[in-house]
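Some notes on the structure that comes next.
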Amino acid sequence: MYVKPHNTMKTKSPLPIYSSQSQLIPDDKLLTQPSDINIKKQFQRNVYIETYGCQMNVSDSELMTGILTQAGHRTVSDIDDADVILLNTCAIRENAETKVINRLEHLNHKKRREGNLIIGVCGCMAQHLRDKILDAAPYVDLVMGPDAYRNLPMALNAVVSGDPFLGLQLDKSEDYADIAPIRKEGIRAWLTIQRGCDKMCTFCIVPFVRGRERSIPLKILTDDVKRLVEEGFKEIVLLGQTVNSYHDGNHDFGELLWSIAEVDGVERVRFTSPHPADATDSMIDAMENCPEVCNQLHLPLQSGSTQVLQRMRRTYTAEQYRELVSKIRDKIPQIAISTDVIVGFCEETEKDFKQTYELMEEIRFDSAFMFKYSDRDGTLANKMLPDDVPEKEKAKRLNEIINLQEKISGEINQSKIGTTVPVLIEGDSRRNADQYHGKTDTFKTTVFPKEETQVGDIVNVKIHSATAHTLIGDIVR
Ligand code: SAH
Ligand code: F3S
1014 MYVKPHNTMK
1024 TKSPLPIYSS
1034 QSQLIPDDKL
1044 LTQPSDINIK
1054 KQFQRNVYIE
1064 TYGCQMNVSD
1074 SELMTGILTQ
1084 AGHRTVSDID
1094 DADVILLNTC
1104 AIRENAETKV
1114 INRLEHLNHK
1124 KRREGNLIIG
1134 VCGCMAQHLR
1144 DKILDAAPYV
1154 DLVMGPDAYR
1164 NLPMALNAVV
1174 SGDPFLGLQL
1184 DKSEDYADIA
1194 PIRKEGIRAW
1204 LTIQRGCDKM
1214 CTFCIVPFVR
1224 GRERSIPLKI
1234 LTDDVKRLVE
1244 EGFKEIVLLG
1254 QTVNSYHDGN
1264 HDFGELLWSI
1274 AEVDGVERVR
1284 FTSPHPADAT
1294 DSMIDAMENC
1304 PEVCNQLHLP
1314 LQSGSTQVLQ
1324 RMRRTYTAEQ
1334 YRELVSKIRD
1344 KIPQIAISTD
1354 VIVGFCEETE
1364 KDFKQTYELM
1374 EEIRFDSAFM
1384 FKYSDRDGTL
1394 ANKMLPDDVP
1404 EKEKAKRLNE
1414 IINLQEKISG
1424 EINQSKIGTT
1434 VPVLIEGDSR
1444 RNADQYHGKT
1454 DTFKTTVFPK
1464 EETQVGDIVN
1474 VKIHSATAHT
1484 LIGDIVR
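Structure below.
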């Protein structure tokens, strides 16, 4: 274990824990008052944000960039230009946290060399480990969870005094709807439509570190999308922990999909990740009938054993999942479906695992993210169920489904040879500057010679060869 044993939540020095709804003076006011102009100059920071984990964190880093920029700070793309380094972290599996602890040790050397460097840990791991992070890494200046980013500018001023700053209050009313994230240029924009999660799957730390579910009003989101189109984005990816449970009090997820797709200039709409239990007819109807909504669905399965699903509290059976997939495929035959699978969850037997393997064989997902179960402190499974599948057995099971999925993904991609697919061009191919890469409507990476086309165009590509992860072809007119 990388964190020193810790028996008390108290730290050596009394640390303020600020709420993002705090009564403190809003930082923008603080910084725009004439008498404070010198303070602003003095404390204007160059901030480098390093992002770990899922797309939600990428989106949160864009939000943090927006908050910092609004307060007069600058984000930099070269770590050596930074006087503040913020790690936006993940807590989903133990190795995600181990990676950050190792990174912090490395950054500590940099801090010792440079003296004035401020190091912050933000995001899910900050919320999960709280002030214990300071036991493992006492040189950290700032620990801030996902609902406290509004306080970032204030925290940067506060740490100058030498005390670490903790911002760890979860806040169900915090949706950052009024803040404009700052994104890198590109053609795909990630748009957070919902924060938090109310599902409480027993294996999952997310509800504990991201708090209760809350949806951003539809009108705000459609206005955001209008701005994104003006900035040149062509594809909008809606983000939420259970994105399809979206409801703003007046509109459900299906209605939101239609509204986003109707914004002039939006070429493609995707979303991640839906929960199978919230896959309503309204959602399926929008996917079937709205041309901008892509023929792609990431639908986390987790396990093919109903007993395991029950212990995970996933709220559906293997049979219900199977029926949902066939219903969706009946309506949208060309759809590509991907998934998440966990092996070695508490008390998973060889028979349970076989059911997962067989369901994957039967459904034939286009692709899958596959994980060994990682026991997370604070989750329901951690409290109630034994993490009793030996590590070696977890690894063996993971290997088996990875091999199966590689074979299936390869076969599915091979079957595309000879077909012509629409591809939205994203940029130069990594291997060959004479080629572009882009995604099909079904989210398959495709590479092809450039010809007279440019990034942002949608072109028809005839596929002539394929690997398990890439389609290769030529533009046809
Ligand atoms: N609903 C969220 C899920 C976030 S976690 C979303 O996709 O937006 C992403 C995936 O990580 C989960 O679907 C699950 O397969 C996996 N996962 C979550 N907790 C885990 C754990 N404790 N051990 C291993 N894998 C886990
Ligand atoms: Fe985690 Fe389950 Fe929510 S996987 S994010 S608790 S839907």
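Each residue of the sequence shown is one higher than the one before, counting from 1014 in this note's numbering.
Glycine included, each C-beta is placed from N, C-alpha and C at the ideal position.
According to DSSP, residues forming a beta bridge with residue i
i	result
residue 1454	Paired residues: none, contrary to the question.
residue 1306	1282
residue 1203	1250
residue 1383	1354
residue 1087	1059
residue 1135	1101, 1157
residue 1215	Paired residues: none, contrary to the question.
residue 1208	1227
residue 1449	1441, 1461
residue 1349	1309
From the options, residue whose alpha carbon lies closest to that of residue i
i	options	result
residue 1173	1129, 1297, 1344, 1304	1129
residue 1087	1450, 1056, 1322	1056
residue 1179	1187, 1158, 1469	1158
residue 1287	1177, 1337, 1062	1337
residue 1300	1314, 1283, 1291	1283
residue 1363	1060, 1409, 1354, 1326	1409
residue 1133	1152, 1216, 1115, 1145	1152
residue 1169	1189, 1135, 1195	1135
residue 1359	1393, 1347, 1382, 1353	1393
residue 1328	1386, 1315, 1067	1315
Residue burial classification, residue i (beta-carbon count within 10 angstroms, cutoff 16)
i	result
residue 1296	buried
residue 1431	exposed
residue 1397	exposed
residue 1033	Low confidence applies to residue 1033: its pLDDT is 33, below 50, so where it sits in the model is not reliable, and the reading given next is rough at best. The residue is buried, with at least 16 neighbouring Cβ atoms inside 10 Å.
residue 1213	exposed
residue 1311	buried
residue 1476	buried
residue 1240	exposed
residue 1021	Note that residue 1021 scores 30 on pLDDT, short of 50, meaning its location in the model is unreliable; the coordinates nonetheless yield the value given after this. Exposed: under 16 other Cβ atoms inside 10 Å.
residue 1262	exposed
residue 1046	Summary for residue 1046: the model assigns pLDDT 36, below 50, so the residue's position carries little reliability; its value from the coordinates is reported in the next sentence. So residue 1046 ends up on the exposed side.
residue 1198	exposed
residue 1256	buried
residue 1473	exposed
residue 1484	buried
residue 1186	exposed
residue 1380	buried
residue 1321	buried
residue 1452	buried
residue 1347	exposed
residue 1489	exposed
residue 1382	exposed
Beta strand (DSSP E) segment containing residue i, residue limits
i	result
residue 1441	1433-1441
residue 1122	Run containing residue 1122: none in the beta strand (DSSP E); it sits in the alpha helix (DSSP H), 1107-1127.
residue 1489	1483-1489
residue 1239	Element bounds for residue 1239: not the beta strand (DSSP E) but the alpha helix (DSSP H), 1231-1243.
residue 1475	1471-1479
Delimiting residues of the alpha helix (DSSP H) encompassing residue i
i	result
residue 1221	1219-1223
residue 1171	1165-1171
residue 1422	1404-1427
residue 1320	1319-1325
residue 1369	1363-1376
residue 1148	1145-1149
residue 1336	1331-1344
residue 1275	1266-1275
residue 1396	1393-1397
Name all residues in chain order for which at least one heavy atom of ligand 2 lies closer than 6 Å to the residue's CB. 1210, 1212, 1213, 1214, 1217, 1219, 1220, 1254, 1255, 1288
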